[in-house]
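See below for the structure under consideration.
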Amino acid sequence: MGPNDSNGAEERRDVKDLARGGFITFVGKLGRASRGAFLWVITLLMGLDVQGYYSLAWGIVSTLNKIARFGMLRGVVRFVVAERAQAEGHGERAVGTALLIVSICSVVISVGVYFSADAIASFYDKPIASALQIMALSAPFMAVCWVFVSAIRALRIVSYGVYVMSVAGPLILLVGGLGVGWLDLGLYGVAWVQLTMAVCISLLAAYFFRHFFSLRACFQHMRQPLCLREMTHFSFPVMVTDLLYAVLTQLDVLMLGFFVSAEMVGVYALARRIASAMLKAPQAFDPIFSSVVSDLAVNTRYDELSARFSVLFRWILTINLPIFASLLIVGDLLLIMIGGDKMQALPEGEVAAGLQVLFVLSVSMMLQGSFALAEPVLAMTGRPYLNFFNNTTWLCTNFVLNVVFIHFYSMGIVGAACGAFVSTLCVSALRLGQIYRQYAIWPFDLKQVKPLFAVALASLGGVVLRDAIAEPAVAMPVALGTFVCLYGIGLSFLGIEEEDRKLAARVVRWVGKRLGRGSGSVR
Numbered sequence: 002m003g004p005n006d007s008n009g010a011e012e013r014r015d016v017k018d019l020a021r022g023g024f025i026t027f028v029g030k031l032g033r034a035s036r037g038a039f040l041w042v043i044t045l046l047m048g049l050d051v052q053g054y055y056s057l058a059w060g061i062v063s064t065l066n067k068i069a070r071f072g073m074l075r076g077v078v079r080f081v082v083a084e085r086a087q088a089e090g091h092g093e094r095a096v097g098t099a100l101l102i103v104s105i106c107s108v109v110i111s112v113g114v115y116f117s118a119d120a121i122a123s124f125y126d127k128p129i130a131s132a133l134q135i136m137a138l139s140a141p142f143m144a145v146c147w148v149f150v151s152a153i154r155a156l157r158i159v160s161y162g163v164y165v166m167s168v169a170g171p172l173i174l175l176v177g178g179l180g181v182g183w184l185d186l187g188l189y190g191v192a193w194v195q196l197t198m199a200v201c202i203s204l205l206a207a208y209f210f211r212h213f214f215s216l217r218a219c220f221q222h223m224r225q226p227l228c229l230r231e232m233t234h235f236s237f238p239v240m241v242t243d244l245l246y247a248v249l250t251q252l253d254v255l256m257l258g259f260f261v262s263a264e265m266v267g268v269y270a271l272a273r274r275i276a277s278a279m280l281k282a283p284q285a286f287d288p289i290f291s292s293v294v295s296d297l298a299v300n301t302r303y304d305e306l307s308a309r310f311s312v313l314f315r316w317i318l319t320i321n322l323p324i325f326a327s328l329l330i331v332g333d334l335l336l337i338m339i340g341g342d343k344m345q346a347l348p349e350g351e352v353a354a355g356l357q358v359l360f361v362l363s364v365s366m367m368l369q370g371s372f373a374l375a376e377p378v379l380a381m382t383g384r385p386y387l388n389f390f391n392n393t394t395w396l397c398t399n400f401v402l403n404v405v406f407i408h409f410y411s412m413g414i415v416g417a418a419c420g421a422f423v424s425t426l427c428v429s430a431l432r433l434g435q436i437y438r439q440y441a442i443w444p445f446d447l448k449q450v451k452p453l454f455a456v457a458l459a460s461l462g463g464v465v466l467r468d469a470i471a472e473p474a475v476a477m478p479v480a481l482g483t484f485v486c487l488y489g490i491g492l493s494f495l496g497i498e499e500e501d502r503k504l505a506a507r508v509v510r511w512v513g514k515r516l517g518r519g520s521g522s523v524r
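Each residue of the sequence shown is one higher than the last, beginning at 2 in our numbering.
See below:
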């Protein structure tokens, strides 16, 4: 077999893994959207104020949990792949070292949040101290869970991560939310549900982890870590980048908690949860793409990396465009429906503000999702400092804009959404320039005109039907169904690229095999 044949085989393998892994994770991300159902349940059963308090408290804890996992979402993948590639072991050495690091970091975070809960609650003037103390205990369990899931992902197996993070976790939250809502346990009960979820998914991740690695060997390396300095050196900037990104994703809620009422924080959280559908596609491809990037970077095959990135960019655009258009068509109906009576009881101006937030955040997250894969490219090729710079710039810009729009211009939740959009626009341009300068990656070409044209025509049909039907419960499914059909017809008429046909064919075969098999392992 010649070098060209070998490269062709590697390309087919990478595209196959990207298609299969991305699809499986994308389905899981859609399942994880049931976390939105958890917020919906809290809102309906306990009120917008309790949901707002929960969003604020968990926003603080989940942000600090990024320190607890210490960048192991990428660090474990990087070092397990390297250890296996160099035939130095099966990966237990890297996992054991990672477990030692996250154990120390997570305990520090838990203790720190627990004893500072009263001060945080006093700063916000919100009754969230007890909830913070309970949720703080989740840090060690979440950190260990991510180590186990990331180690399995290093093997290019993403389905178990889907089971743990996208199926089991949201399902536990939803069932627990229904229980504490029915018992009227308030914010205290919701906090215990969050902790219970963390404990359960960490145990489930350990169960799956044992299928591929030896826990005993990991614990032995945990007592005698062999790559502690190297992993710390790689993972620290990744952790800082993760922390900055976590602050970014929660910054609007954290700042709104100081400036506006808990009810408006709840409205904003619901709108953001709906708009975050635009992030599911890049999040789906990120785990398997990180493994592919790591393999290509180890072998310095950057031309192939550029080709893989361009294909993925088109896939994400093709997936995200219909999601974006759907939110614009029925997003206002969806927000009011999810908010229920609590939303409709708000003054008309506050409801209108919520709808404006949904529109602005949809545009912002569409932009964010389109360039999200630049982050794993920079991290896994040994340039995590660029992600640190990007996220620092993003954070500072967003913070300043939030202060200006929320405080000085008194725009409230609409100001937070505008700040998120402008800062996302800036960092997207920055990322695009970096990947072009480093790897000559320029994802735009005429092939992307096809989904843009198809989604524009399909949107017209959906909007016409939505406005023609008076009953919202009927207008929403009819408009969405018509839009999806027209979008598919438009893509078929304009012609589908070869890689896209391969992706669709593999998805159809994968679904057919799973439906025919009924049960069986999914890789």
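Cβ atoms here follow ideal geometry from the backbone N, Cα and C, with glycine treated the same way.
Source: prediction; values computed, not measured.
Taking the C-alpha atoms as reference points, what is the distance between residue i and residue j?
i	j	result
L184	R273	28 Å
E305	R315	16 Å
V415	V358	5 Å
E472	G482	16 Å
G420	F400	8 Å
Q225	I102	12 Å
I202	I135	17 Å
A120	E231	37 Å
F286	G413	34 Å
G267	Y54	8 Å
I43	R157	36 Å
V261	Q221	51 Å
R217	R70	21 Å
A130	A169	27 Å
G462	E351	30 Å
F116	M279	37 Å
A140	L49	26 Å
V456	F39	31 Å
F259	I407	10 Å
A430	V423	11 Å
M367	K451	17 Å
S111	D296	35 Å
A95	V81	6 Å
G113	G496	56 Å
L205	W147	11 Å
C427	L402	12 Å
G177	L57	19 Å
L433	A441	10 Å
L187	S365	It should be noted that the sequence gives Gly, not Leu, for residue 187. Each residue's Cα considered, the two are about 33 Å apart.
N388	L396	12 Å
By a C-beta neighbour count over all protein chains shown, 10 Å radius and 16 as the cutoff for buried, is residue i buried or exposed?
i	result
E349	exposed
I153	buried
I105	exposed
F409	exposed
Y488	buried
I490	exposed
R211	exposed
V465	exposed
R309	buried
M2	Any reading at M2 needs caution, since the residue's pLDDT is 49, under 50, leaving its predicted position unreliable; the model's value is listed next. M2 should be labelled exposed.
V239	buried
F149	buried
T301	exposed
F124	exposed
C486	exposed
R524	Confidence in R524 is poor, its pLDDT being 41 and thus under 50, which makes the residue's placement unreliable; the coordinate value appears in the next sentence. Exposed, by the Cβ-count rule.
W443	exposed
Need the endpoints of the alpha helix (DSSP H) that residue i sits in, please.
i	result
H212	Neither: H212 is in no alpha helix (DSSP H) and is coded neither H nor E.
C486	P473 to L495
G350	E349 to S371
Y269	A263 to A276
A137	A130 to A137
D468	V450 to A469
G258	L229 to F260
A375	A375 to M381
When the cut-off is 8 Å and only beta carbons count, does residue i lie next to chain B?
i	result
P385	Protein chain content of the structure displayed is limited to a single chain, and chain B is not contained in it.
Counting only runs that start and end within the region 403-435, where is the beta strand (DSSP E) found for 3 or more residues in a row? Listed in chain order, nothing qualifies, since the region 403-435 has no complete beta strand (DSSP E) run of 3 or more residues.
Ranges of the alpha helix (DSSP H) found wholly within the region 54-115, counting only runs of at least 4: Runs of the alpha helix (DSSP H) lying entirely within the region 54-115 and spanning at least 4 residues, in chain order: 73-86.
Length at least 4, wholly inside the region 119-198: the alpha helix (DSSP H) runs in chain order: 130-137, 140-154 and 170-184
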